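There are 2 protein chains.
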Amino acid sequence: LLSLANICKSYAMGEEEYEVLHDVNLTIERGELISIFGPSGSGKTTLMNIIGCLDVPTSGEYVLDGTLVADLEPRQLARIRNKKIGFVFQNFQLLPRLNTFSNVELPLIYSGLKAAERRQRVLGMLELVGLSHKAESFPNQLSGGQQQRVAIARSMVTEPSIILADEPTGALDQKTGQQIMDLFRQFNQAGRTIIMITHDPIVAAIAKRTVRILDGRLSEEGGAINA
Amino acid sequence: LLSLANICKSYAMGEEEYEVLHDVNLTIERGELISIFGPSGSGKTTLMNIIGCLDVPTSGEYVLDGTLVADLEPRQLARIRNKKIGFVFQNFQLLPRLNTFSNVELPLIYSGLKAAERRQRVLGMLELVGLSHKAESFPNQLSGGQQQRVAIARSMVTEPSIILADEPTGALDQKTGQQIMDLFRQFNQAGRTIIMITHDPIVAAIAKRTVRILDGRLSEEGGAINA
Ligand SMILES: Nc1ncnc2c1ncn2[C@@H]1O[C@H](COP(=O)(O)OP(=O)(O)OP(=O)(O)O)[C@@H](O)[C@H]1O
Ligand SMILES: Nc1ncnc2c1ncn2[C@@H]1O[C@H](COP(=O)(O)OP(=O)(O)OP(=O)(O)O)[C@@H](O)[C@H]1O
Ligand SMILES: [Mg+2]
Ligand SMILES: [Mg+2]
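Chains as they are written, first to last, in this note's numbering: chain A, 319 to 545; chain B, 319 to 545.
Here you go:
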C-alpha cells in the first residue's frame, strides 16, 4: 500500500535546521493494523503528516498505491486525503462553528452522496461512538473526550481505505478507549488499513505489528507489544 | 481551603436544561494532593471550572479561603485566578503568537517581578519540565506533549498556592508523565494544594485522596486508588 524510503524531515529554526526524522524506512501493506509507538517529541506526528500527504519530507521517497507522491499535484494530493485517508488529529481539529452532526458530515459533502444517505451515515457513526445524544452540540459544548470521539467518527464516515489516528484515545477514559479500539479493530477486519500513532503501550498493544520511533528513527518490533 | 456545598451546574440547551453536576459536596484542605477521577463526560472539567472561578454554579455554595465566592466581584475573581491558582487546561490554551518563554512568562507579567527575576523563574521552570531547548519555539512548532509541558510550566511559574490540573498527562508518554507527576509531588511537599482531574487511574494513583465522579455525582474513595 505505502512505502517510505530514506525519509528525512527537517524544520528550519532561524538559521539552523532541526532534523526530526532520520532515514525512515517503512512499508505498510493493505489491510494491516499497525501502531507507531514512541515517546513525546520523537517524531510521530511529523511522520503521520508525511504519510497522510499533509506535509512533504525534506528528502527520501514516498510511494503510495504505486504512485510516487512527490510527482502528485496539489489537487491530486487533496483528492487522496479526502477519499483514501481518514484522519484523527491529535488536537481533533473540529470546526468550532459546526455542530457535531455537521463536523462528522463534512468529509461527505463533496462525495456525491445524497443528503438522506449522508444523514444515515453520520447518524450511524455517531451511534457507534456513543454520541447520538450530542448531534446538535457545538465543540465548546462537548467534553474533551466527546470532541475526540467526534473526530474519530469523522475519520471513518467516508469509509476510507486508510485510517491515520494520532493518539486516538488520549482524551478518553479506559472503558471508552477500549470501545474505540474495538471500533478500529472492526474497521480493520473489514479490510481497512489502520495506522495508529501513540505513546500509550495499551493502544499500541492492539496492533499485530508495532514499529518503534525514538528521536526520529524507526526500529521494527517484530511483533505485538505486550502491554 | 475550599468547600463546595450542594453545587449544581446546568447548561442551557435550546429550550432545555442539561444538568451536569448534581449536589456536589467537597471540602479540600490546604496542602492536599487530591485527584478527581471519572470517565469521559462525567463532569470533571465542569467541576474544575467552578473550583477555579472560571464559571459559576447554577446553585449551591462555594467558599474559598473563608470567602463566599458568589460575593466576589469580577476583579476580585480575576485576582484569585491570577495569584492563587495555577491552571493546566485540558486543551492547554497556549497563546499561538507567543513563544514558549513568553507563554510561561505571561502569568508573571503583572506580578511586579523585575524582568531579570521573571527570566530566572521562567528558565528554571522550563528546565524542570525538560524544555529549555524549546524556549524560542512557537506552539505550532512543538509536539502535543511539549505543548502540554509548556502549559504545566506556566501553571507553576507564579508558585500559586493551588494547582488545578485537567488531564495533565494526557499528551505525555509514560516516562515523561511520571516526571511531571514527580514535579507535582514536589510542589505538594512544598505546601501547595494540588487538585488533579483525570480519567487515568495511574495519574489518580499518586494522590493520597481520590474522589470519584460519575454522571456529575461525587463519591469519596476513602483513600488512594490502586492502579
Ligand atoms: N513545525 C515545526 N517546527 C520546528 N520543530 C518542530 C515542528 N513540528 C515539530 N517540531 C519538533 O519536532 C519534534 C517532533 O515533533 P512531533 O510532533 O512529530 O513529536 P511527537 O512524537 O508527535 O510527540 P508527542 O507525543 O508529544 O505528540 C519535536 O521536538 C518538535 O518540537
Ligand atoms: N458548554 C456546555 N454546554 C452544554 N453541555 C456541556 C457544556 N460543557 C460541557 N457540557 C456537557 O457536560 C458534560 C460534562 O462535560 P465535562 O467537560 O465536564 O466532562 P469531563 O468529565 O471533563 O469529560 P472528558 O474526560 O471527556 O474531558 C458532557 O456531557 C458535556 O457534553
Ligand atoms: Mg504528536
Ligand atoms: Mg474534561
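Note that beta-carbon positions come from the ideal geometry of N, C-alpha and C, so glycine has one too.
Being a predicted model, the structure only gives us computed values, none of them experimental.
Is residue i a contact residue of ligand 2, with contact defined as CB to any heavy atom under 6 Å?
i: Val338 of chain B; result: yes
i: Ser358 of chain B; result: yes
i: Asn362 of chain B; result: Sequence inspection shows Lys at residue 362 of chain B; the Asn mentioned does not correspond to that position. Yes - ligand 2 has a heavy atom lying nearer than 6 Å to the Cβ of Lys362 of chain B.
i: Tyr428 of chain A; result: no
i: His517 of chain B; result: yes
i: Tyr329 of chain B; result: yes
If you reduce the DSSP assignment to three classes, tell me which class residue i lands in.
i: Leu446 of chain B; result: helix
i: Thr476 of chain A; result: coil
i: Ala323 of chain A; result: strand
i: Gly463 of chain A; result: helix
i: His340 of chain B; result: strand
i: Thr363 of chain B; result: helix
i: Gly430 of chain B; result: coil
i: Arg437 of chain B; result: helix
i: Ser524 of chain B; result: Before going further, note that residue 524 of chain B is Ile rather than Ser in the sequence given. Coil, per DSSP.
i: Val374 of chain A; result: coil
i: Ser420 of chain B; result: helix
i: Arg415 of chain A; result: coil
i: Phe407 of chain B; result: coil
i: Asp484 of chain A; result: strand
i: Leu501 of chain A; result: helix
i: Ala330 of chain B; result: strand
i: Arg399 of chain B; result: helix
i: Arg393 of chain B; result: helix
Against residue i, what residues of chain D qualify as contacts under a CB-to-CB distance less than 9 Å, listed in chain order?
i: Thr363 of chain A; result: You won't find chain D in this structure, because its protein chains are A and B.
Say the cut is 6 Å; is the CB of residue i nearer than that to a heavy atom of ligand 3?
i: Lys546 of chain B; result: Nothing can be reported for residue 546 of chain B, as the shown portion of chain B is limited to 319 through 545.
i: Gln408 of chain A; result: yes
Any chance the CB of residue i is under 6 Å from a heavy atom of ligand 1?
i: Gly509 of chain B; result: no
i: Lys444 of chain B; result: This sequence places Leu at residue 444 of chain B; Lys is not what is there. For ligand 1, not one heavy atom lies less than 6 Å from the Cβ of Leu444 of chain B.
i: Ser459 of chain B; result: It is Gln, not Ser, that sits at residue 459 of chain B in the sequence shown. Yes, the beta carbon of Gln459 of chain B sits closer than 6 Å to at least one heavy atom of ligand 1.
i: Tyr380 of chain B; result: no
I want to check one thing, is the minimum distance from the CB of residue i to the heavy atoms of ligand 4 below 6 Å?
i: Lys452 of chain A; result: no
i: Gln465 of chain A; result: no
i: Gln411 of chain B; result: no
Quick one: which chain B residues come within Cβ less than 9 Å of residue i?
i: Gln408 of chain A; result: Ser461, Gly462, Ala489
For residue i, go through chain A and note every residue whose CB falls closer than 9 Å to its CB, in chain order.
i: Gly370 of chain B; result: Neighbours of Gly370 of chain B on chain A: none; closest Cβ ~16 Å, over 9 Å.
Take residue i and list the residues in its own chain whose beta-carbon comes closer than 8 Å to its own, dropping the five residues that flank it on each side.
i: Leu501 of chain B; result: Leu446, Val447, Ile470, Met474
i: Ile498 of chain B; result: Val447, Arg467, Ile470, Pro486, Thr487, Leu490
i: Gly356 of chain B; result: Lys362, His517, Arg530, Ile531, Leu532
i: Gly463 of chain A; result: Ala489, Leu490, Asp491, Thr494
Looking only at its own chain, which residues have a Cβ that is under 6 Å from the Cβ of residue i, when we skip the five neighbours before and after it?
i: Ile515 of chain A; result: Ile354, Lys362, Met366, Asp484
i: Asp341 of chain B; result: Asn324
i: Thr418 of chain B; result: Lys452, Ala453, Ser455, Val468
i: Arg439 of chain B; result: Val475
i: Gly495 of chain A; result: Thr487
i: Ser537 of chain A; result: Arg530
i: Glu335 of chain A; result: Ser328
Excluding five sequence neighbours on each side, which residues of the same chain lie with their C-beta closer than 7 Å to the C-beta of residue i?
i: Ser429 of chain B; result: Thr476
i: Ser358 of chain B; result: His517
i: Ile346 of chain B; result: Leu319, Leu320, Ile352, Thr511, Ile513
i: Asp533 of chain A; result: Ser360
i: Ser479 of chain A; result: Lys402, Arg510, Thr511
i: Leu628 of chain B; result: Coverage of chain B is limited to positions 319 through 545, which leaves residue 628 of chain B absent and any answer about it impossible.
i: Arg348 of chain A; result: Leu319, Thr511
i: Pro425 of chain B; result: Asn400, Arg472, Val475, Thr476
i: Gln408 of chain A; result: Thr363, Asp484, Glu485
Since residue i meets chain A, which of its residues come closer than 8 Å, beta carbon to beta carbon?
i: Tyr592 of chain B; result: Because residue 592 of chain B is not part of the residues shown, which for chain B are 319 to 545, the question remains open.
Any heavy atom of ligand 5 closer than 6 Å to the beta-carbon of residue i?
i: Gly462 of chain A; result: Ligands present in the displayed structure are limited to ligand 1, ligand 2, ligand 3 and ligand 4, and ligand 5 is not among them.
Can you pull out the residues from the segment 491 to 512 of chain B whose beta carbon lies closer than 7 Å to at least one beta carbon of chain A?
If the cut-off is 7 Å between Cβ atoms, the segment 491 to 512 of chain B has Asp491, Lys493, Thr494 near chain A.
Given a limit of 7 Å on CB to CB distance, which residues of the segment 333 to 358 of chain A reach chain B?
Taking 7 Å as the Cβ-Cβ cut-off, the segment 333 to 358 of chain A approaches chain B at Pro357, Ser358, given in chain order.
Positions along the segment 470 to 485 of chain A whose CB lies within less than 9 Å of some CB in chain B:
Hits within the stretch, in order: Asp484, Glu485.
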